[in-house]
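K.L.:
For the sequence shown, the working numbering assigns the number 1 to the initial residue and increments by one for each residue that follows.
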Amino acid sequence: MTQLLIAGLAPAFVPYREGWALQRRVHEAVVSGEAPEHLILCEHEPVYTAGKLTRPHERPDDGTPVVEVDRGGRITWHGPGQLTGYPIVRLPEPVDVVAHVRLLEEVMLQTITELGVTGRRIDGRSGVWVDPVAGGPAAKIGAVGVRVQAGVTLHGFALNCDNSLEPFGHIVACGIADAGVTTISTELGRRITPSDVAERVSEIFEALRPGWTAASATTIGAAA
1 MTQLLIAGLA PAFVPYREGW ALQRRVHEAV VSGEAPEHLI LCEHEPVYTA GKLTRPHERP
61 DDGTPVVEVD RGGRITWHGP GQLTGYPIVR LPEPVDVVAH VRLLEEVMLQ TITELGVTGR
121 RIDGRSGVWV DPVAGGPAAK IGAVGVRVQA GVTLHGFALN CDNSLEPFGH IVACGIADAG
181 VTTISTELGR RITPSDVAER VSEIFEALRP GWTAASATTI GAAA
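#1: For the stretch 5-65, list the alpha helix (DSSP H) runs that are entirely contained and at least 4 residues long, ordered along the chain.
#2: Within 10 angstroms of the Cβ of Ala158, are there 16 or more other Cβ atoms? Answer buried if so, exposed if not.
#3: Which two residues bound the contiguous beta strand (DSSP E) that contains Ile171?
#4: Is Glu93 buried or exposed, if buried means 16 or more other CB atoms sit within 10 Å of its CB?
#5: Determine the extent of the alpha helix (DSSP H) in which Leu103 is found, giving its start and end residues.
#6: Can you tell me which of Leu39, Ile6, Arg24 and Asp61 puts its alpha carbon nearest to the alpha carbon of Ala207?
#7: Can you round the beta-carbon distance between Gly142 and Val128 to whole angstroms, since I take them to be within the 8 Å contact cut?
#8: How many whole angstroms separate the CB atoms of Arg74 and Thr54, which I take to be in contact at a CB cut-off of 8 Å?
#9: Which whole-angstrom value is the C-beta distance of Val31 and Ala198, which I expect to be below 8 Å?
#10: Check whether the Cβ atoms of Tyr16 and Thr64 lie closer than 8 Å to each other.
#11: So, for Ser185: in the same chain, excluding its five sequence neighbours on each side, which residues have a beta-carbon less than 6 Å away from its beta-carbon?
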């Protein structure tokens, strides 16, 4: 069974570097067998993080500092109002990173569906998306960026609950220029906080993991 660790939710926002150090400590313990698998959930202090594929023009246009991280993907923002999840779990052999990404997408899809938000996947793009309004671009509501080391995962997902969207205006979020960003609260017209969804996210993650494969994503939940 995965152990849930709430590292900090509002008003106890977690500095990103502290959360990253926590991930590494837990990862080391899971790899060595000294600790069970974990799902770490938190809200971060405001921060931009850049994955290994980030390009110069995607970085903040106002010169804001960026934390360089060892996950896949490109640049994104974390901060108050966004639920960030770090599953530190051992993947079955043969290791299938795509299946893990699809699992994290499914967790977010099922969470927002229960709340009344219709989300989907988009071919060729990771994360969870909401269809455009009045001809605008599709809007990302949940992002995924992961790393696997010694068969155990690091980093994870970010679900926009009631965070500000202004910081995304200074970057090319996830390297996708023709996309919008939204939150659960924006879509529902009422406030939904990370604290409101954290427990349910953990329950869905735990329920989906047994027997999960990449093929599961085509037959379960709100996949496109």
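Beta carbons are placed, not taken as given, at the ideal position from N, Cα and C, and that holds for glycine.
P.N.:
Inspection of the coordinates gives the following:
#1: Segments of the alpha helix (DSSP H) lying fully in the stretch 5-65: 16-32.
#2: As a working note, residue 158 is residue 158 in the sequence shown. Answer is buried; the Cβ neighbour count reaches 16.
#3: For this step, residue 171 is matched to residue 171 along the sequence shown. For Ile171, there is no enclosing beta strand (DSSP E), as DSSP marks it with neither H nor E.
#4: In the sequence shown, the residue the question calls residue 93 occupies position 93. The residue in question, Glu93, is exposed, as its Cβ has fewer than 16 Cβ neighbours within 10 Å.
#5: Walking along the sequence shown from the start, residue 103 turns up at place 103. Per DSSP, the continuous alpha helix (DSSP H) segment holding Leu103 begins and ends at Val97 to Leu115.
#6: Your numbering for residue 207 matches position 207 in the sequence shown. Nearest C-alpha to Ala207: Leu39.
#7: The residue you call residue 142 lines up with position 142 of the sequence shown. The residue you call residue 128 lines up with position 128 of the sequence shown. Gly142 to Val128, Cβ: 4 Å. Contact.
#8: Locating residue 74 in the sequence shown gives position 74, where the first residue counts as 1. Locating residue 54 in the sequence shown gives position 54, where the first residue counts as 1. Rounded, the Cβ-Cβ distance is 4 Å, consistent with contact.
#9: For this step, residue 31 is matched to residue 31 along the sequence shown. For this step, residue 198 is matched to residue 198 along the sequence shown. At roughly 25 Å, the Cβ-Cβ gap does not stay under 8 Å, so Val31 and Ala198 are not in contact.
#10: Against the sequence shown, residue 16 aligns to sequence position 16. Against the sequence shown, residue 64 aligns to sequence position 64. For Tyr16 and Thr64, no; Cβs fall outside 8 Å.
#11: Here the question's residue 185 lines up with position 185 in the sequence shown. Spatial neighbours of Ser185 in its own chain (CB-CB distance under 6 Å, excluding positions within 5 residues in sequence) are listed in chain order as Asp162, Arg191 and Ile192.
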